[in-house]
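Each remark here refers to the structure printed beneath this line.
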Amino acid sequence: MGRKSAVKTVSAILAAIERKHAWHQPELARAVGVTVPSLRKHLLELSEIVPLAERRDGQEVTWSLPRGWDAGGLRIQTATLWKIIRVAARAPRSKDRDDLLSWLLRKNPKFPSLGRIESDIYSAGEEQRLPLVEDAAMKRRVLGMQYFSETMRQRSVSVQRVLAQRPARFVAFCHLRRELRMFRVDRIQSAWAEQDAQFIDVAEAAVRGFVDRAVDGFAGATTGDVRDDACSFHVRDPEARWVRGNLPSGM
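Okay, so the sequence shown: first residue is 3 according to this note's numbering, each after it adds one.
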């Protein structure tokens with residue numbers, strides 16, 4: 003078989019699997035016009051960004067995509083791409099954010115410089131632990147952690163909501179206290195997924211209410227006889243106008 007560029011090979015693979023969503027590996031190699039080892043290399047790379055599934059039956063290997071999937075999602079219009087870059091630039095700085103922006107800007111060298119856009123910076127602890135918290139929320143896995151508040155304590159929590167602004171916080175059902183609690187990511191000393199623990203779902207309305215009444219990350223108790231107290235303070239004009247526009251979220 004003749005040599006083909008990587009771009010042409012990948013394009014041919016995507017076109018083939020859009021026509022037919024399941025292919026035997028040798029059959030697909032013949033359709034694309036490459037050797038089986040070359041095809042396999044590209045398929046393994048593509049499986050990082052495309053939902054390709056490999057199935058083995060003895061010596062027979064089949065590659066497939068979910069029905070209804072098409073490669074249109076990989077082709078992003080320039081205007082949409084610029085929106086992605088802008089949103090990423092506003093996100094708190096971290097290695098993941100910087101790597102993504104670097105990759106996007108290499109692909110689009112005509113995009114204006116982002117040097118004048120300032121964003122928050124995650125601490126080293128936030129950058130390291132936040133992906134674990136996000137995974138626990140999205141995959142509905144119980145998060146185990148060594149957490150420091152007044153003292154160091156091991157906790158098991160079911161993460162309900164991640165509040166990614168700085169300082170990064172999350173709302174979780176605490177398996178120890180049996181109620182919703184607010185936690186700071188930078189106070190996690192170590193964290194892990196608890197494989198055998200049962201994730202506890204809390205009603206969306208209860209989570210939303212807890213978040214809405216939290217003032218700058220602090221919320222009252224959700225169980226027992228403890229109630230939220232209403233507090234007030236007075237500021238004269240014209241200073242009051244500034245205060246009104248700069249109150250912490252939840253006030």
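The C-beta atom is built at its ideal place from N, Cα and C for all residues, glycine as well.
Residue i burial status per 10 Å Cβ neighbour count (16 or more: buried)
i, result
"Gln162", "buried"
"Trp25", "buried"
"Asp188", "buried"
"Phe212", "buried"
"Ile51", "exposed"
"Ile86", "exposed"
"Ala17", "exposed"
"Met147", "buried"
"Phe150", "exposed"
"Leu46", "exposed"
"Glu129", "buried"
"Gly226", "Its pLDDT being 40, under 50, Gly226 is placed unreliably in this model, and the value from its coordinates should be taken loosely. It is exposed - the Cβ of Gly226 has fewer than 16 other Cβ atoms within 10 Å."
"Met3", "Bear in mind that the predicted position of Met3 carries a pLDDT of just 46, short of 50, making it too unreliable to give a figure here."
Within 8 Å, strictly: CB atoms of residue i and residue j
i, j, result
"Val1", "Leu182", "In the structure displayed, the chain extends from 3 to 253; residue 1 sits before or after that span and is not available."
"Leu54", "His23", "no"
"Phe269", "Ser192", "Outside the shown range of the chain, which is 3 to 253, sits residue 269, and nothing can be said about it."
"Thr64", "Val34", "no"
"Ala126", "Val164", "no"
"Leu132", "Ala81", "no"
"Leu48", "Leu41", "no"
CB contact check: residue i to chain C, cutoff 8 Å
i, result
"Leu46", "No chain C appears in the structure shown, which is made up of a single protein chain."
Closer than 7 Å: residue i CB and nearest the ligand SAM heavy atom
i, result
"Ala93", "Annotation note on the ligand SAM: not contained in the displayed structure, which lists no ligands."
Rounded Cβ spacing between residue i and residue j (contact assumed at less than 8 Å)
i, j, result
"Ser158", "Ala199", "6 Å"
"Met184", "Ala207", "Not really, about 17 Å apart at Cβ, beyond 8 Å."
"Gln27", "Val36", "About 11 Å; that fails the 8 Å criterion."
"Val144", "Phe172", "That belief does not hold up - the Cβ atoms of Val144 and Phe172 are roughly 13 Å apart, past 8 Å."
"Leu116", "Leu102", "Contact flag wrong, Cβ pair sits at about 12 Å."
"Phe235", "Arg142", "About 41 Å separates the two Cβ atoms, so there is no contact after all."
"His44", "Ile15", "6 Å"
### Task
Check whether the stretch 87-96 touches the stretch 118-138, counting contact only when three or more Cβ pairs, one atom from each stretch, lie closer than 8 Å.
yes
### Message
At 3 residues or longer, what runs of the beta strand (DSSP E) sit wholly inside the stretch 7-88?
### Response
24-26, 55-59 and 62-66
#### Entry: Whole beta strand (DSSP E) elements within the stretch 173-226, 3-residue minimum
181-186 and 190-196
### Message
Which runs of the beta strand (DSSP E) at least 3 residues long sit entirely within the stretch 87-162? Give them in chain order.
### Response
144-150
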